[in-house]
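Here the working numbering runs 1394 ahead of the position in the sequence shown, where the first position is 1. To keep things clear, I will list the structure first and then write my remarks on it.
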Amino acid sequence: MLSRLLLLIALLAAPTGAALAHAQLRAASPAVGATVTTTPTEIAITFSEGVEPKFSSIEVRDDSGARIDNADPHNGSEGQTKLIVSLLPLRPGVYTVRWQVLSVDTHRTTGSYRFTLSAP
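This is the structure:
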């Protein structure tokens, strides 16, 4: 009886542990929802765990839907938790950043956010 109860507790706890293993956005530059006056040359996103750049992407689109990144995701010098993509020259406007990452433990997560580039 006790072994069945312990097995049930272990099974109920397993999904919680797996959900915590996904790479989640911790910080971004430009920041989520930010208005910036200096034109960024890259988007850098820091995740809660390491990500695989070969199987991950960051897409940046302007307000007309045109893609304005260079499709070159790579890890930052800080290690596998940062994913960076370089940008084409930007003009003032609203930009949408969409990311899809495969974490080093093989879990896939996605998300998006916006930032605004205002005229200086």
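Note that the Cβ used here is the ideal one computed from N, Cα and C, for glycine as well.
C-alpha gap between residue i and residue j, whole angstroms
{"i": "residue 1500", "j": "residue 1457", "result": "32 Å"}
{"i": "residue 1511", "j": "residue 1424", "result": "10 Å"}
{"i": "residue 1470", "j": "residue 1491", "result": "18 Å"}
{"i": "residue 1413", "j": "residue 1459", "result": "Because residue 1413 carries a pLDDT of 46, less than 50, the predicted location of this residue cannot be relied on, and no value is offered for it."}
{"i": "residue 1353", "j": "residue 1468", "result": "With the chain running from 1395 to 1514 in the structure shown, residue 1353 is simply not present."}
{"i": "residue 1465", "j": "residue 1496", "result": "16 Å"}
{"i": "residue 1506", "j": "residue 1493", "result": "6 Å"}
Status (buried if at least 16 other CB within 10 Å, exposed otherwise) for residue i
{"i": "residue 1448", "result": "exposed"}
{"i": "residue 1432", "result": "exposed"}
{"i": "residue 1482", "result": "exposed"}
{"i": "residue 1422", "result": "buried"}
{"i": "residue 1514", "result": "exposed"}
{"i": "residue 1503", "result": "buried"}
{"i": "residue 1445", "result": "buried"}
Residue i beta carbon near the ligand GTP (any heavy atom closer than 7 Å)
{"i": "residue 1430", "result": "This structure does not include the ligand GTP; it has no bound ligands of any sort."}
Residue i - containing beta strand (DSSP E), residue span
{"i": "residue 1477", "result": "1473-1480"}
{"i": "residue 1510", "result": "1502-1511"}
{"i": "residue 1416", "result": "First-last for residue 1416: undefined, no H or E at that position."}
{"i": "residue 1438", "result": "1436-1441"}
{"i": "residue 1446", "result": "No beta strand (DSSP E) contains residue 1446, which DSSP labels as neither H nor E."}
{"i": "residue 1470", "result": "1468-1470"}
For residue i, the three-state DSSP class (helix, strand or coil)
{"i": "residue 1490", "result": "strand"}
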